[in-house]
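Report on one structure; see the data block that follows.
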Amino acid sequence: MKWMDGILIGINTYTFVKTTKAHHMKTMKLALLGITAVLGAFTSYAQTADEVVNKYLDAIGGKENWKKVSSVITEGNMSVQGADVLVTATVVHGKGSRQDISVMGMTGYQIMTPTGGWSYMPFQGQAQAEPMTEEMVKKGADQYDTQGALVDYKDKGHNVEYLGKEDVDGTECHKLKITHKSGKEETYFLDPASYYLIKAISKNNVNGQEVEMTTAFSNYKKMPEGIVIPMSISLPMGPGMMADMTITKVEINKPVADSTFKPSN
Amino acid sequence: MQRILLLAVVAITATNLHAQTKVSSATFGTMEARWMGPGTMSGRITAIEGVNADSKTIYVGTAGGGVWKTTNAGASFKPVFDKYCQSIGAIAIDQKNPRTVFVGTGESNMRNSVSIGVGLYKTTDGGDNWSRVGLDSTEHISKVVIDPSNSNNIYVAAPGPLWSESKHRGLYKSSDGGKNWDKVLYISEKAGCADVSVDPQNPNTVYATTWEFRRLPYLFNSGGSGSGVYKSIDGGKTWKELTKGLPAKPFGRVALALAPSAPQNLLAIVEAKETKLYISADGGENWKEQSATLNVVSRPFYFSTLVVDPKDHKRVYRPAFSFSYSDDGGYSFADASNEGGWVHSDHHALWINPNYTNQMYLGTDGGVYISMDRGATWIFASNLPVGQFYHVAVDNQQPYRIYGGLQDNGSWVAPSAAAGGVQNGDWKAIYGGDGFWTIPDPLDPDIAYAEYQGGNMGRVNLKTLKSVTIKPQAGSNDAKLRWNWNTPIHIGQNNPKNLYCGAQFLFKSTDKGTNWTRISPDLTTNDKKKQEQENSGGLSADNTSAENHTTIFTIAESPLDENLIWVGTDDGNLQYTTDGGKNWTNVSANIAAAGIPAQTWVSSVEPGRFNRNVIYATFDNHMYGDHKTWAARSEDMGKTWKMFASEDFTGFAHKIKEDLVNPELLFLGTEMGLFASVDGGGSWFRMKNRIPDYSLVRDIAIHPVTNDLVIGTHGRGIIIVDDISPMRGLTAGILEKDVHVFSNKPVPLSSGKFGDGGFPPTGGWTAGNPASLPAVQYYLKERVMTGDVKLDIYDAAGKLVQTVPGSKRKGINKVYWNMRMTPIKPAAGGAKMDYGAFVAPMVMPGEYTLKLKVGEKEYTDKMVVVHDEGNKNFSKEDLEARYAAAMDLYTMQADINALISSINEEQQLLKKNGEKVKSDKVKKLLRDYTSSLETLRATLLATKQKSIFADEEQLRERISEVYGAVAGQESRPSNLQLERINVLKGQLSTARSEHAKISRQYSDKVRLALSKEGVKTPDALKDKTGN
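Structure below.
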């Protein structure tokens, strides 16, 4: 709600500094989650679930094309009242993922690899990257699956359930529930015409807290590599409010230095 | 008036369905409702169950607000049952696999206002997804018990229908996890099963109580030969009735509990001629009567909860009218203290954490309470917005206030918007008892009329909360007055001086209820056999005015004529007068002719506001076992009636509301949903709009200024859909366009109505505020799946002011432009965020061009921004002065960031090229250059700050401070702000000179040196030196 007020009211005089701090922290957190969600979408993940999964995979470029994806670098911009929040996500299949977020002239990052993860959020004065908890690392494998969980999902240890149809903003969508090996749960809502993912709800239990996030996807584009990617991601910010992220650049299979997945400070 | 959708609808009802765009809730899906709550007074809680393994995941079932789940022991709750029936009777968690949960719909606290369920639901994923697994016609489910040794064995106690005889009652059992059900204990069409317990040590031992009960609109009966206490030792296959030591039959309702740690110990509260507590220590074979306090034996039909501590069989809890506990197995009881604050009376649910039995959760008629000391004191959970309103009204304040009365929770008032969002603390209780009609006096903002059950009404001074009793008394020649439980109070819609209320007669006052005139004869059927409420209750007398009958239930003065008044009664009469009450015409025969059963309650009347011959009405026949949605319109003053019909309709009807502007737009509230029609009732759709699908909608108001739809729900508090004007404006023509941008009214330049006080809300329930700026609204025929949607705003000179991302949903979309320019992109490299990066000056009044880009297409419209004349503290001149100063600062913000960026760039180039250099001397030169730049840079932005608690301030921070203040404020800049701008301008200019000086000092030398080293001079360095 505070966030919504912030968007609508603009920045107030006296409370300027403290409210913006609070607002922007939230933006950053959401942006990072958002980028993870984008990867979820790309990286995607058995009428039976398998039929729906296959149609979905075909719609987004086909399983074979996705299996060729070894790295993805995306740049995105979230426009908040005309101001930019820039997010870059770098993912190398099986090796690691990194999201950099720039806001108000500062840049923070989050890294996840099979052996460790780090988070550096200097916005509130954090001076050094902090390691992620063991549990988070254990649950972080989805973050560096560039193919997406649904490609060979059984081999990856995930479970998929078809839950019938459900209305999303007037569209009767196919509903898939993906239970990741890590325990994370995702519900996909697929457009019955295009089989594109319209909306995803993820639920994760991290550090004893249940974190739920709803993300909407649109503006699907076909890449030269044959895969199809949503170029717009919306994160709900409260009733009727969304923060929209536009993907401005996508690079597939570009070499990524190993140092990318090491904390630099 | 717009001709809404008639064409489309005619076509839809014809043959070619797919060719037309159908209006549905999704068309208006972007109009998401605000849940006003409040949480300060909550609603009736009917079931609480926790996950034993973690004891912090708890499900709360409510009388009319669905199921709420907490995963943090109550710090926060989320609704998990919003697509289904909202009346909850019982919850059971499979403790072996706690993500499997059963919810029995249809509460079983069989009061007059109890709602109705539609069967049993199951989830296997902790509440994310539910499916109905049967028992669809039971209407009420009081308990679900899962065999602790075998999760496939499930017992469901179904008392069954309250208002009719039915075969769908008894004890049901499934042996396959809920797929198939057998009725394992059935008494009769009159008697169902009220309670069931399974012995955890011998799970084939099952105890059940049966109950014979029945309500009529005017009478309640609890008790009969069908009530009894039963035991099975073969998992429900065969039963024997337990009688030894129990009183003589007939029984009423029996609450039964076994001690989980020593299950041969049983307790039972048996409603009988004399209701008493009985104890058994041998598995129910023998019972012993115990003396018990009034609380233990009070109102057994309503208080049926009895719980034994999971570990200590001597510790017994009796949540009832108040909270009682026993330490000696039920021989004696003590009552909870109010040390931690008042605990709402009337208790129906208790969950004890088996891992730490000091901790428990209590469900009352006013919400959930948490105890950490075995029930001696209680903490209120003020974050469950499940209040049960009967009625809602609004006034003309700004922001307008909301008035309403709630079951068990009195009458309350709150603003519709408040600084920081409407919170619990914004609500004010103005009258006690059960609350019903709570009506503001349109002519006196300090006065409201409120009541408690049975017509006990008062005129309340809203400032002092002192009240004067204004209930009319029987005149010298009049019979005893009969007041409905929910007595109507009405203010004239044509002449707001007229105050009405109704017993069997209609009364009118023109002096705020001080003096009354009876303006009608008995408008009811005056059927004497429906007036024997003294005999209500059955075995236990229960006459609380809840069964008062043959009374007036709804009153409406025509908005077009104060002499035209409609009155509906609870026994099927609908009458009107056209001469202010001298003569009355009863149209009940005409209603019957339209197919509506006789005796049906007239639940609401709505005289048309566009045509005096038009009358809308809803009829509620559920008290005779008929759940049909009865709603109708007459266009000839009640002579002939046309029923509204829709496949979407569910639940008996409470309220119909005609829009204030568009006569084709109608709203219908039922026990199971809110429905809307945009074609005058020809077709209807269920309104979702973040409103639970099967909300118990008791009342509907539309605000004449804000166009808000204000809904009084019986279980989810007040729900507001802010600004329904798009529902008025969507014509058939627009509906068939791919994209349509709705025209805007001139928008006053404002940064919003409210500040936020600086602190976010803590605890409780926060409803937020309506959007404080008007939205740019557009219609999309289809969801946009490929291509982007955005809104570009241009000023009169054709300059792009700001770009706002657009939503892409099918139907109405909204985007908000904050009437500001685009903020300056910040330069990187600071140790602190540039708060100026989110600041931009507000634009000036004028005409702006909106370009909505949908994929490759562009749609253009205008927006006129005007000075906010409503803000008396901010004149046009002030606005101009602010603009000038803010633009100065905007430029400075651009300049400082440009300067920092160029220094950053130079330093990077120096670093990069420095790596190619071999000569130590040149290396040193480059180092000196870099370090001179760094010395300057360090004065331009914070570079050293290590923590937000060690604030560093350099030039950018100094500019940001004034910039943020000036651009953000609705005020002329102060003298010192203006002076400061000049000082900072000077400092900025000095910094730029210093940069130029450093460049002059080093650039030639560096260029020369680098070229000697064979390194090509970087362009950026050249440019910056001016060479």
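Protein chains in written order, with numbering that gives the first Met the number 0: chain A, 0 to 264; chain B, 0 to 1026.
All C-beta atoms in this analysis are idealised placements derived from N, C-alpha and C, irrespective of residue type, glycine included.
Note that the structure is predicted; figures quoted are calculated from it, not measured.
Not a single C-beta of chain B is nearer than 8 Å to the C-beta of G75 (chain A). Secondary structure note for R999 (chain B): its alpha helix (DSSP H) is the uninterrupted segment 974-1011.
Around P147 (chain B), no beta-carbon contact reaches into chain A at under 7 Å, the shortest distance being about 26 Å.
Nearest in C-alpha terms to G404 (chain B), of all of B:N382, B:F435, B:G424, is B:F435.
Out of A:T214, A:T245, A:I251, the CA that lies nearest to the CA of I226 (chain A) is found in A:I251. By the Cβ neighbour-count rule, D787 (chain B) is buried, with 16 or more other Cβ atoms within 10 Å of its own. Comparing C-alpha distances from V136 (chain A) to each of A:I110, A:P229, A:I246, A:K174 shows the shortest one belongs to A:I110. Counting other Cβ atoms within 10 Å of its Cβ, V863 (chain B) stays below 16 and is therefore classed as exposed. Between D281 (chain B) and W484 (chain B), the alpha-carbon positions lie close to 45 Å from each other. Chain-ordered, the chain A residues with CB closer than 8 Å to the CB of G810 (chain B) read D168, G169. In this structure, DSSP gives E657 (chain B) an extended state, which the three-state scheme calls strand. When C-alpha distances from P158 (chain B) are compared across B:A193, B:K178, B:S187, B:K182, the shortest belongs to B:A193. Taking one beta carbon from each stretch, the region 186-197 of chain A and the region 751-765 of chain B have fewer than 3 pairs nearer than 8 Å; the two do not touch. Taking 8 Å as the cut-off, the beta carbon of K77 (chain B) is found closer than this to the beta carbon of W67 (chain B). When Cβ-Cβ separations below 8 Å define contact, N872 (chain B) makes no contact with chain A. Counting every other CB atom within 10 Å of its CB across the protein chains shown gives T486 (chain B) a total of 16 or more, marking it as buried. In this structure, DSSP gives A82 (chain A) an extended state, which the three-state scheme calls strand. Under the 8 Å criterion on CB atoms, K922 (chain B) is classed as non-interfacial with respect to chain A. If you check the CB distance, I614 (chain B) and S633 (chain B) come in under 8 Å.
Residue contact check for T47 (chain A) against chain B: no CB pair falls below 8 Å. Contacts between N354 (chain B) and chain A, judged by CB atoms closer than 7 Å, are missing: the closest CB pair is about 16 Å apart. Close partners of V783 (chain B) in chain A (Cβ separation under 8 Å): S217, N218.
At least one CB atom of chain B sits nearer than 8 Å to the CB of A126 (chain A). Within its own chain, the residues whose Cβ lies closer than 6 Å to the Cβ of E240 (chain B), once the five positions on either side in sequence are excluded, are G227, Y229, listed in chain order. For I401 (chain B) and N768 (chain B), the gap between their C-alpha atoms comes out near 14 Å. DSSP, read as helix, strand or coil, puts E663 (chain B) in coil. Within the DSSP secondary-structure output, N204 (chain A) pairs in a beta bridge with A:E209. A Cβ-Cβ contact shorter than 8 Å links F674 (chain B) with S645 (chain B). When DSSP states are grouped into helix, strand and coil, Y55 (chain A) belongs to the helix group. When C-beta distances to chain A are compared with 7 Å, the residues of the region 830-844 of chain B below that value are M832, D833, Y834, A836, F837, V838, A839, in chain order. Among the CB atoms of chain B, one or more fall inside 8 Å of the CB of A82 (chain A). The beta carbons of I792 (chain B) and V800 (chain B) sit closer together than 8 Å. Short of 6 Å from the beta carbon of N455 (chain B), and not among the five residues preceding or following it, lie these beta carbons of its own chain, in chain order: K470. In this structure, M832 (chain B) lies near M105 (chain A), with their beta-carbon atoms less than 8 Å apart.
In this structure, S221 (chain B) sits near F300 (chain B), with a CB-CB distance shorter than 8 Å. Chain-order list of chain B residues neighbouring L162 (chain A): N128, by C-beta distance under 8 Å.
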